[in-house]
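Accompanying notes for the structure given below.
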Ligand SMILES: [Zn+2]
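Protein chains in written order, with the numbering used here: chain A, 3 to 288; chain B, 31 to 328.
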């Protein structure tokens, strides 16, 4: 499937390729019908996240996607794929709707991160992401998330609390953008590529770290070389995964929710052995 | 004395990182260690007076940072705190260069095993599970240990039907732990979701600074969200936003008061009233007592 693993910084070039397909390209190739539903019913309609009801080989599903523009005009509309709180709240509204009608949810993740702006802070960017994470954990319907290109931080996680996480072969999923990482830890944003290569953010890395469940192959050299083929690979994955999840779902809701919870619950790397040098000093408390 | 020094180093760090503060070092004749310079209003107070005031700026009421131990001392009933998971220490999930050594150094320096203390305690006789973050440890960023301790504490509270009180403070995700750090947001929020489902009470108290991935997870999910006056609360970093919009932000942007005004905090409570407020709120959520409307339980 994957011949030889490319470095993360090479993959960064691939996902930044001008012709890299976005959710706007994939949705019509993967779904037979798609009705976009707008707005969060609170504040507005964020174009960085689109969503709606769709048919996947005849099965009704809800699709929620982060959208990057393919040119400047599209990018101005969708804010370069950086959602505001109303985007996350729209996503949650549509997720709840999916739950009501027992539709599986398919999230397509592609964002540098949630938008860092004044209005976003005023309208509770942190709260919006937190609420999505919490609510998605309890949704009584199967959720699949697929990272298409960039999975940037909390802005990606808000659509990535799911039963199964898949990543396109060249996509990256990270706690902060490599540029942000370099500028915070080394005070030097120009060391982006170096950061990229030590952050462990490729699909293979994330499979090893038990975050990613499946890697979806792209066309040779990257999805832009054959969007249709890549879309077919995504479709094949969704078919298989939906069948698995529906089966799991039929065994019982509790089991499905437990396994979703545990998917995240087990991630962490710590020791619990007593070391002589780790005794905390005993102060007044206790 | 230990605490004094620790605290001083925090103040110094902050002064150092603040813009336009180069002059302040030269200007003062009194050794800087004896003074508290408020990062909010920039007024200068003798450290003794500042500490007598509970580390609150006497000029503008900014509630400055406390260590987790200091917070416990003013929050939990004497001797009531039983710490959970104190032997848990973090590993190095993405083999980040220097992370192990940094951890070891910080453990020795702060006497903490990571940036949060969790445990059972009583607040004015009310049983609670307490979560207290400590910004002296890597700016209380959330890595594996922080996430695991908080998750276990909430799970314990859910099982024992106890309320959770979390004093949050954090610079956000712990970048040295990469994606594993991001997943702690899902883990802790998932535990809150289950606590909710079981009908448990969760009060989040935002202290200075509550930002990034902690704001975007369990800190913002309390049934009741309290903030200390004048503290910093936000998602994105101020400098990041200023860089994006290419202009300076007003001083009160991302303050507790800003969050209250915008509807993301229930109330602002001063430090010296916090215990009483928490105890009363917990009492009001204790089901059996609520049946006797108007009865004053003492
Ligand atoms: Zn002040």
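Just so you know, even glycine gets a beta-carbon here, dropped at the ideal spot from N, CA and C.
What three-state label does DSSP hand residue i in the structure shown?
{"i": "residue 221/B", "result": "helix"}
{"i": "residue 57/A", "result": "strand"}
{"i": "residue 179/B", "result": "helix"}
{"i": "residue 93/B", "result": "strand"}
{"i": "residue 57/B", "result": "For residue 57/B, the predicted structure reports a pLDDT of 47, less than 50, and the residue's modelled location is therefore unreliable. A value from the coordinates is still provided. Residue 57/B: helix per DSSP, three-state reduction."}
{"i": "residue 131/B", "result": "helix"}
{"i": "residue 241/B", "result": "coil"}
{"i": "residue 120/B", "result": "strand"}
{"i": "residue 238/A", "result": "helix"}
{"i": "residue 132/A", "result": "helix"}
{"i": "residue 312/B", "result": "helix"}
{"i": "residue 292/B", "result": "coil"}
{"i": "residue 43/A", "result": "coil"}
{"i": "residue 21/A", "result": "coil"}
{"i": "residue 247/B", "result": "coil"}
{"i": "residue 226/B", "result": "helix"}
{"i": "residue 208/B", "result": "helix"}
{"i": "residue 167/B", "result": "coil"}
{"i": "residue 226/A", "result": "helix"}
{"i": "residue 6/A", "result": "coil"}
{"i": "residue 15/A", "result": "helix"}
{"i": "residue 303/B", "result": "helix"}
{"i": "residue 277/B", "result": "coil"}
{"i": "residue 142/B", "result": "coil"}
{"i": "residue 190/B", "result": "helix"}
{"i": "residue 108/B", "result": "coil"}
{"i": "residue 100/B", "result": "helix"}
{"i": "residue 51/B", "result": "The predicted position of residue 51/B is uncertain, since its pLDDT is 41 and thus under 50; no value can be drawn from it."}
Could you pull the DSSP bridge partners for residue i from this structure?
{"i": "residue 67/B", "result": "74/B"}
{"i": "residue 126/B", "result": "Beta-bridge pairing links residue 126/B to no other residue."}
{"i": "residue 36/A", "result": "56/A"}
{"i": "residue 298/B", "result": "257/B"}
{"i": "residue 149/B", "result": "113/B, 160/B"}
{"i": "residue 262/B", "result": "285/B"}
{"i": "residue 197/B", "result": "162/B, 235/B"}
{"i": "residue 270/B", "result": "Residue 270/B is not bridged to any residue."}
{"i": "residue 203/B", "result": "172/B"}
{"i": "residue 86/B", "result": "93/B"}
With a cut-off of 9 Å, does the C-beta of residue i fall near any C-beta of chain D?
{"i": "residue 300/B", "result": "Reference to chain D is not applicable here, since the protein chains of this structure are A and B."}
Touch test, the stretch 86-97 of chain A against the stretch 39-58 of chain A, Cβ-Cβ under 8 Å, three pairs minimum: Touching, per the Cβ criterion.
Unbroken stretches of the beta strand (DSSP E), 3 residues or longer, contained in the stretch 136-221 of chain A: Whole beta strand (DSSP E) segments, 3+ residues: 145-154, 166-170, 174-176, 216-218.
Chain-ordered list of residues that sit, by beta carbon, closer than 6 Å to a heavy atom of ligand 1: Answer in sequence order: 68/B, 70/B, 71/B, 73/B, 87/B, 89/B, 90/B, 92/B.
Three-pair Cβ contact test at 8 Å for the stretch 260-278 of chain B versus the stretch 234-248 of chain B: The stretch 260-278 of chain B, when compared against the stretch 234-248 of chain B, does touch it at the 8 Å Cβ threshold.
Runs of alpha helix (DSSP H) lying entirely within the stretch 247-275 of chain A, each at least 4 residues, in chain order: Counting only runs of 4 or more, we get 255-267.
Contact the stretch 214-224 of chain B vs the stretch 275-292 of chain B: 3+ CB pairs below 8 Å: Taking a contact to require three or more Cβ pairs closer than 8 Å, the stretch 214-224 of chain B and the stretch 275-292 of chain B do not qualify as touching.
Any beta strand (DSSP E) of 3 or more consecutive residues that is wholly inside the stretch 47-124 of chain A: The stretch 47-124 of chain A contains these whole beta strand (DSSP E) runs: 51-58, 61-68, 107-113.
Inter-stretch contact at 8 Å, needing at least 3 Cβ pairs: the stretch 227-238 of chain A / the stretch 77-89 of chain B: Verdict: no, contact absent.
Contact the stretch 46-53 of chain A vs the stretch 130-142 of chain A: 3+ CB pairs below 8 Å: No, because fewer than three Cβ pairs between the stretch 46-53 of chain A and the stretch 130-142 of chain A fall closer than 8 Å, the two stretches do not touch.
Three or more C-beta pairs below 8 Å linking the stretch 135-143 of chain B and the stretch 74-86 of chain B: Here the stretch 135-143 of chain B makes no contact with the stretch 74-86 of chain B; the two share fewer than three CB pairs at distances below 8 Å.
Touching by the beta-carbon criterion (3+ pairs, under 8 Å), the stretch 178-186 of chain B and the stretch 147-156 of chain B: Touching, per the Cβ criterion.
Segment contact flag, the stretch 157-176 of chain B with the stretch 196-205 of chain B, C-beta cutoff 8 Å, min 3 pairs: By the criterion of at least three beta-carbon pairs nearer than 8 Å, the stretch 157-176 of chain B is in contact with the stretch 196-205 of chain B.
Stretch pair the stretch 185-193 of chain A + the stretch 166-176 of chain A: three plus CB contacts closer than 8 Å: These segments do not touch.
Stretch-stretch touch, CB-based, cutoff 8 Å, three pairs: the stretch 53-68 of chain A with the stretch 201-212 of chain A: Proximity of the stretch 53-68 of chain A to the stretch 201-212 of chain A falls short of the contact definition, fewer than three beta-carbon pairs being nearer than 8 Å.
Cβ pair count under 8 Å reaching 3, the stretch 171-179 of chain A against the stretch 9-19 of chain A: Counting C-beta pairs closer than 8 Å gives three or more between the stretch 171-179 of chain A and the stretch 9-19 of chain A, which meets the contact rule.
Any 3 or more C-beta pairs closer than 8 Å across the stretch 101-115 of chain B and the stretch 296-307 of chain B: Yes, the stretch 101-115 of chain B is in contact with the stretch 296-307 of chain B.
Three CB pairs or more closer than 8 Å across the stretch 146-164 of chain A and the stretch 96-116 of chain A: The answer is yes - the stretch 96-116 of chain A touches the stretch 146-164 of chain A, with three or more Cβ pairs under 8 Å.
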